[in-house]
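**Q**
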Amino acid sequence: MTRPRPLLPRLGWRIFVITRFAKFCALLLFAGSLIPISAQIDTILGQVSQSNANTFAGGISGNGRLVVFESTGNIATENPRNDDLNREVFLFDYAQRRIFQITDTKHLLVEQVRAARGSVTLGTGSSGSINGITVAGVAIMSGPVNFQTSLEQTATNVATNINNHVSTPDYTATAENRVITISAVTPGPQNNGLAVEATSTGISTTTSNLAGGYDGSGPVLSSNTKVEITNTRPVMSNDGRWIAFSSNATTSAPGSVDGTNPGDFDANDFNDSEGNNVLTGDGNLEIWMYQIPSVADVDMSQGDEIPVTDLSAGTFIQATSSVPSRLPVSGSPTQIPIIAADNTDPTINDDGSVIAFVSNRDLVTDGNSAPEDNPEIFTFVRGSSQISQVTQTPRGNIAEPINNSTPTISGNGMRVMFASNASNPIVGMKGGDNTDLNEEVFYADLDAAGAPSGAKVQVTTTSPDDPGDLVNLVNFGRRMSRDGRYLAFDSFADLTNEHNGENQTGFGTFLYDSVADTFFRIGERSLADDAATGGDIARYPGFTDYDAGGTPQTLVLETRMNIAPDGTIPEEDEDGLNPDPTRPVQVYSFPIPATGSPLGTGTFTRLTKLPAPTFFLGSVQPIPSNSVDRLAFSLPQTETGTGNPDLSTEVYYLLTPEVVSEANSPSMSFFTGATRIPVSNEPVPSPSPTPTPSPTPTPSPSPSPTASPTPTPSPTPQTPAAVEGLSRGMLAEVEYSSRGFTPSINKTAVASFDRRFNLPMELAGVSMSINGVSVGIKELRGNKIIFVAPAGIGQNLEVLFPVVINFNGVVFRGEILFVAFRPDIFRTDQNPQLNRAKVFNVTNRVHTREPFTARTLQYRGGVKVNTKLRMYLTGVEGLPGNIVGLQIGGMAVQGNIGNAVPVEPGIYTMDFSLAPSFDMLGDQPITITILTQAGVFQGRRDNDAPRIKIL
């Protein structure tokens, strides 16, 4: 019988697909995150990248400070320059809370203009709207776009409007500063620009035809790509000083290294006068190293502001320079561009002095020459630039090609592990047993030059039941411990001899101890959980909790099965650690057994609390640091609560704060962040309105006076004692204490949308999570935490979430309800006790404070217009203005109310205009009501709401 293939084969990409109904998944999106998990430890999840592009983690420094990843997004917080959306290498610094773009490369194009384009530049104006944009007289906008907080934000909203205009799919738009660039989806000749026209009110515009001329901006179409330039598979040394990766961003050739490198490489710069380019005759991937600028050691738990170190200012080293195995193939409307992936899959030792990689080039003369040019394992010693060949194997035939793959190098660079289906693949190896050419696991010891010397070991000796069946799966990544002792991988084989050596239908995860020459099976096999439809995913085991000698104490892996703490599958779902019926992927730790049974005795600890993905069952591929307390991973198609509305694959950071003790009888009280309204987890009835008497009338003098009727009081709406719940992305506050202990610490962090994270996960040793997702800590004030709630949590749901505060090792537990919106209007920063609303007149460029008038003289044009006001509030993440009811002194604001616009973490603005009827309204409260299908959500009411004055 043919064995079922694993769901994520070794040569596959990051995810595999299980078809399911989208509606069913949407209903279950949060279900997995709400199930109580008794064995769940208190980890905290943060989202590193945020874009509409896919991003994949590649490595993490030993101390957990730096994370390297690849992305096609323009996601650098420092000097972002990937507007062509090429695949680049990026570096995240947890301590600086910044992302640096390491490579900066551009494709060689067929034409020096990507497509016919036109642009609209917004000139001046602080109000009004962009009413429409046309291309050759055809409207490409879906209605007008009102002025937002700035012309730059307005430009962004116009571009979004164009891209959402489904009736005209022939154009795309991007915005940078005040310029909106419109591109035809199909490239045209150089002199064929777009005839763009714009109409506006209150905003000046200029239009340009951008025919001809390459300016290096905007996404590149595959059909206009002559040679694709890419940067991929970055990994990082344990000391955080070196990155190794593959790239073809150079014009160097064997014997002629010219210094061009991926740090600043535009392939179009190398066209000669006749349009010829050297890359059309080369363009294959080479191995590169990048030296990261040194950074000072910091205590990452403190969240301190530290001087900026530009991590993109390092130097590049080209490790290989080879003749391509094939020439590049240009893209076309039906063909993606192709380059030769000749040198790939690098792995790097602790200090970046040695790397190992896969190459099918003859890098050591006559060691891999044609026609036997086969994927072989090589090493590169940085100090001497010495390349050595580790494997030397025949090419095989089309039916049974020979392959050597997925190397991992040890911390000292003296041992390399890899997979191979050759017999005696290591140079100088004898005595191996692989006559059936099955893929087996090997390791070789190396000398100082990186050449095989000493032990040459075949770790597994297995056979497929049927030709072509996979037996052993060694996935890309670090699958060997830093000391070279332990190897971990998945296998269908019976390596622990539990079934008389017979292969099984499900794969297991195995740990091999090279010192004891012993296998341990870790957990159950992939088909053990019947509810995990289709079986388990590849586990991607890795090592962590290293001692001073580089020996790990803990294994980290992923699985979607509902395992019990002992690794078995319980009869009752609720007894497992992942009882969600959709079986989303989770990450676990497991102690490495020094001795014990073949099954690998120990306890599994669940580290993540990931919900079900929307469409795809994605692999996370955990990458641990030297401690299980800090690791990175990538996750596709999932809103974890961190804020991933487009469900792109993003990079995440998982933190496990140290726990010393649990607080005794902890208590938590929550408040809104603008005016500190108490927050309850239960509905709070609104108090009865207080009658407000009308002025007493004066009797008319008369011989027979007649009393006027008694006036009917106008009821004043009253703010309840508390409001129900917080909402996503809002600024809030919590007071916490316990019996016999009240925390006390004061510290303020810097909040910025130009930082990742916008606010720190840790501040002065304090961390806080809601449902396992990190809040952004803005300020610590005694026993209070001012924080920004996770941006993606509890969307349009009314859900009670667990809260965990870790105060320098003391854990406080509570819970908080989340609702769709919880509006709260800010008071002015100066003298907030005066209860003046933070509202500005933004009719003109210079914004002014109260008192206001219903009409304002607009400087541009010299005419009076309805006054445009801007209020600051929180609790309105994603709020559209068309469901907002706004009142000033009980009078409803009529007309358009702008959507909520974030201006800093947790703080938003909304714009509205005063009608003439507001003239002479006087000093009045301003209140907001939000009407949704989920309910009605209000802030403070008239009796104590912030006030504004209208003359």
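Heads up: the sequence shown begins at 7 in the numbering used here, then just goes up one per residue. By construction, the Cβ of each residue, glycine as well, lies at the ideal position given by its N, Cα and C atoms.
Report the three-state DSSP secondary structure of N872 (helix, strand or coil).
**A** Strand.
**Q** What do you reckon, are the CB atoms on S331 and D310 nearer than 7 Å?
**A** Not in contact: S331 and D310 (Cβ atoms no closer than 7 Å).
**Q** Let me confirm a value: A554 is counted as buried when at least 16 other C-beta atoms fall within 10 Å, else exposed. Which label applies?
**A** Looking at its Cβ environment, which holds fewer than 16 other Cβ atoms inside 10 Å, A554 is exposed.
**Q** Just tell me which of G887, D950, F943 and G928 has its CA closest to the CA of S919.
**A** That would be G887, whose Cα lies nearest to the Cα of S919.
**Q** Hey, F3 and I822: beta-carbon distance below 7 Å or not?
**A** Beyond the ends of the chain as shown, which are 7 and 957, falls residue 3; an answer cannot be given.
**Q** Give the secondary structure of A940 by DSSP, where H, G and I count as helix, E and B as strand, and everything else as coil.
**A** Note: A940 maps to coil in three-state DSSP.
**Q** Could you say which of D272, E234 and T385 lies nearest to M295 if we only look at CA atoms?
**A** Residue T385 is the option with its Cα nearest to M295.
**Q** Let's test the definition: count the other Cβ atoms within 10 Å of the Cβ of S132 and tell me whether it reaches 16, buried, or not, exposed.
**A** That one is buried.
**Q** With 16 as the cutoff for other CB atoms within 10 Å, does H113 come out buried or exposed?
**A** Buried, since its Cβ has 16 or more Cβ neighbours within 10 Å.
**Q** T620 to S258, Cα distance in whole Å?
**A** Cα to Cα, T620 sits roughly 44 Å from S258.
**Q** What does the alpha-carbon distance come out to for the pair P597 and N584?
**A** Distance between the alpha carbons of P597 and N584: 19 Å.
**Q** When DSSP labels each residue in this structure, what does L660 get in the three-state scheme?
**A** The answer is strand: DSSP assigns L660 an E or B state.
**Q** For the ligand SAH, is there a heavy atom less than 6 Å away from the beta-carbon of L613?
**A** The ligand SAH is not part of this structure, which contains no ligands at all.
**Q** State the beta-bridge partners of M916 as determined by DSSP.
**A** Partner(s): M877.
**Q** Pull up the DSSP beta-bridge partners for K955, would you.
**A** Looking at the DSSP assignment, K955 forms a beta bridge with D929.
**Q** Tell me whether P952 is buried or exposed, calling it buried when 16 or more other Cβ atoms sit within 10 Å of its Cβ.
**A** Burial call: buried.
**Q** How about the stretch 677 to 688 and the stretch 821 to 838: do they share at least three Cβ pairs that are nearer than 8 Å?
**A** With the cut-off at 8 Å, the stretch 677 to 688 and the stretch 821 to 838 touch.
**Q** Would you call the stretch 68 to 85 and the stretch 97 to 112 in contact, with 3 or more CB pairs under 8 Å?
**A** Yes, the stretch 68 to 85 touches the stretch 97 to 112.
**Q** Below 6 Å CB to CB, which residues in the same chain sit around E84 once its five sequence neighbours on both sides are set aside?
**A** Excluding positions up to five away in sequence, the list reads R104 and F106.
**Q** Does the contact criterion of 3 or more C-beta pairs under 8 Å hold for the stretch 274 to 281 versus the stretch 234 to 245?
**A** Verdict: no, contact absent.
**Q** Under the assumption that F759 contacts P651 (Cβ atoms under 8 Å), give the Cβ distance between them as a whole number of angstroms.
**A** Incorrect: roughly 16 Å between the Cβ atoms, too far for contact.
**Q** Which residues in the same chain as S375 place their Cβ atom closer than 6 Å to its Cβ, once the five residues preceding and following it in sequence are excluded?
**A** For S375, where only same-chain residues beyond five positions count, the Cβ hits under 6 Å are D368.
**Q** For S229, which three-state DSSP category applies?
**A** Helix.
**Q** Decide if the stretch 159 to 170 is in contact with the stretch 83 to 100; the criterion is three or more beta carbon pairs, one per stretch, under 8 Å apart.
**A** These segments do not touch.
**Q** Taking the alpha-carbon positions, what's the T560 to L616 distance?
**A** Whole-angstrom Cα-Cα distance: 21 Å.
**Q** Can you grab the Cα-Cα spacing for the pair N60 / E580, in whole Å?
**A** Their backbone Cα atoms lie some 34 Å apart in a straight line.
**Q** By the DSSP assignment, the beta strand (DSSP E) with Q839 in it spans what residues?
**A** Note, Q839: premise wrong, no beta strand (DSSP E); not H, not E.
**Q** Quick check on S469: does DSSP put it in helix, strand or coil?
**A** S469 falls in the coil class under three-state DSSP.
**Q** Taking DSSP's pairing of strands, which residues face G514 in a bridge?
**A** S497, per the DSSP bridge assignment.
**Q** Using the Cα positions of G68 and P672, report the straight-line distance between them to the nearest angstrom.
**A** Answer to the nearest angstrom: the Cα atoms are 35 Å apart.
**Q** Between the stretch 512 to 522 and the stretch 253 to 271, are three or more C-beta pairs nearer than 8 Å?
**A** Verdict: no, contact absent.
**Q** Who does D830 pair with in a DSSP beta bridge?
**A** Answer is T880, bridged to D830.
**Q** Decide if G945 is buried, meaning its Cβ has at least 16 other Cβ atoms within 10 Å, or exposed.
**A** G945 is buried by the Cβ-count criterion.
**Q** Nearest to N274 by alpha carbon, out of E117, G261, N137 and I323?
**A** Of E117, G261, N137 and I323, the residue nearest in Cα terms is E117.
**Q** Express the C-alpha separation of S125 and Y546 in angstroms, rounding to a whole number.
**A** Their backbone Cα atoms lie some 47 Å apart in a straight line.
**Q** Let me know the secondary structure DSSP gives M486 once reduced to three states.
**A** It is a strand residue.
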